[in-house]
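Order-wise, the sequence lines are chains F and Y. According to the numbering used here, the first sequence holds residues 224 to 352 in order. According to the numbering used here, the second sequence holds residues 224 to 352 in order. We treat Cβ as the ideally placed atom computed from N, Cα and C, and that holds for glycine.
There are 2 protein chains.
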Amino acid sequence: MPDVIVNNETFYNPVDFVLKKIGGTWKIPVLWRLRKKVFRYTELQKDIPHISQKMLTQTLRELEADGFISKKTFAIVPPHTEYALTEKGTKAIIIIETIRNYGLELMKDDGIDYEELVREEVKAKKKST
Amino acid sequence: MPDVIVNNETFYNPVDFVLKKIGGTWKIPVLWRLRKKVFRYTELQKDIPHISQKMLTQTLRELEADGFISKKTFAIVPPHTEYALTEKGTKAIIIIETIRNYGLELMKDDGIDYEELVREEVKAKKKST
DNA sequence: TATGTAACGAACTTATTTGTTCGTAGATTT
DNA sequence: AAATCTACGAACAAATAAGTTCGTTACATA
């Protein structure tokens, strides 16, 4: 495996290349939400737990620069922006799903029932409102 | 998506879980080499460009702790150890291959012919010997 | 006797990623 | 007139990941 250098970034192998593009803590949560519908900035922020404004902005900028998402700006006040998956982004969703399913298996091996945890969380949220 | 905490580690989603297990710079290169044959410590070190002793050891320890690889020690001097994929590790190879193939596509989109780069590197090595 | 060997551990430094805090525009609502 | 709203930029701090250097075991060979 050679070192591949593109735009000042070095990749050791094809998997590394993918992870530099859609890896990190926040890219997947963003892409995953956009798979079904268009989101506004604030919607993403509200929907993704723990994400900071800086990381959301940074993540969106990088995904846009790499062609996974598109941005539509409405020049009104207060501002309005919409983020959507591109075709390239849609392709990414397919392998994200594969990795996700594998993750669910791995968690099961470790005795974690993820679906159950999600259900519990939904219940907890309902109670608190 | 809830926060899942296992052994003091927090995961935001199933993909995150996978990446904490087999992500990072060096786990994939190690697993990838073990897919076909057993390797000794020094063999891995020689075969994986740029890896430091510390990162190799750390990577092997973590992969072993998570059940992806097994370690066989021969109590002789100088020491002899062999690392091999477990069944769990073999399963991991399958999705690594999927990600890898996607990576090759992505690189092509960016005008990078990875296979060609590998061929060039092999040639360069032959020349230098 | 000095040197080499395989597989590391431990301490420390550097680099990369993530997170926190503060500030801005300009129309709209109180 | 002051506060609110949305979508950020910028400076700085903290946390995590990766890399560097030095030391160790205990036998075999030059």
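Going by beta-carbon coordinates alone, are residue i and residue j separated by less than 8 Å?
i	j	result
L254 of chain F	G290 of chain F	no
Y264 of chain Y	T304 of chain Y	yes
I318 of chain Y	Y325 of chain F	yes
V229 of chain Y	I271 of chain F	no
Taking residue i and residue j to be in contact with their CB atoms under 8 Å, please state how far apart those CB atoms are, rounded to whole angstroms.
i	j	result
M278 of chain Y	P237 of chain F	Not quite, the Cβ-Cβ distance comes to about 20 Å (not below 8 Å), so this is no contact.
A307 of chain F	L242 of chain F	No, A307 of chain F and L242 of chain F are not in contact; Cβ-Cβ is about 23 Å, not under 8 Å.
Q321 of chain F	T321 of chain Y	Residue 321 of chain F is actually Thr in this sequence, not Gln. Contact holds; Cβ gap of about 5 Å.
Rounded to a whole number of angstroms, what is the C-alpha to C-alpha distance between residue i and residue j?
i	j	result
D239 of chain Y	A298 of chain F	36 Å
S275 of chain Y	Q268 of chain Y	8 Å
K346 of chain F	V227 of chain Y	16 Å
T282 of chain F	T309 of chain F	15 Å
A315 of chain Y	L286 of chain Y	11 Å
K244 of chain F	D333 of chain Y	12 Å
V341 of chain Y	P301 of chain F	51 Å
I165 of chain F	T280 of chain F	No statement about residue 165 of chain F is possible, as the shown extent of chain F runs from 224 to 352 and does not include it.
F262 of chain F	N231 of chain F	31 Å
May I ask you to report which of helix, strand or coil DSSP gives residue i?
i	result
V238 of chain F	helix
R258 of chain Y	coil
R342 of chain F	helix
T233 of chain Y	strand
I245 of chain Y	helix
I318 of chain Y	helix
I251 of chain F	helix
D332 of chain F	helix
D270 of chain F	helix
G290 of chain Y	coil
Look up residue i in the DSSP assignment and give the residues it is bridged to.
i	result
T296 of chain Y	Y:T304
R263 of chain F	F:E305
I228 of chain Y	Y:T233
Measuring from the CB of residue i, is there a heavy atom of the ligand FMN at a distance below 7 Å?
i	result
T248 of chain F	Among the ligands in the structure shown, none appear at all, so the ligand FMN cannot be discussed.
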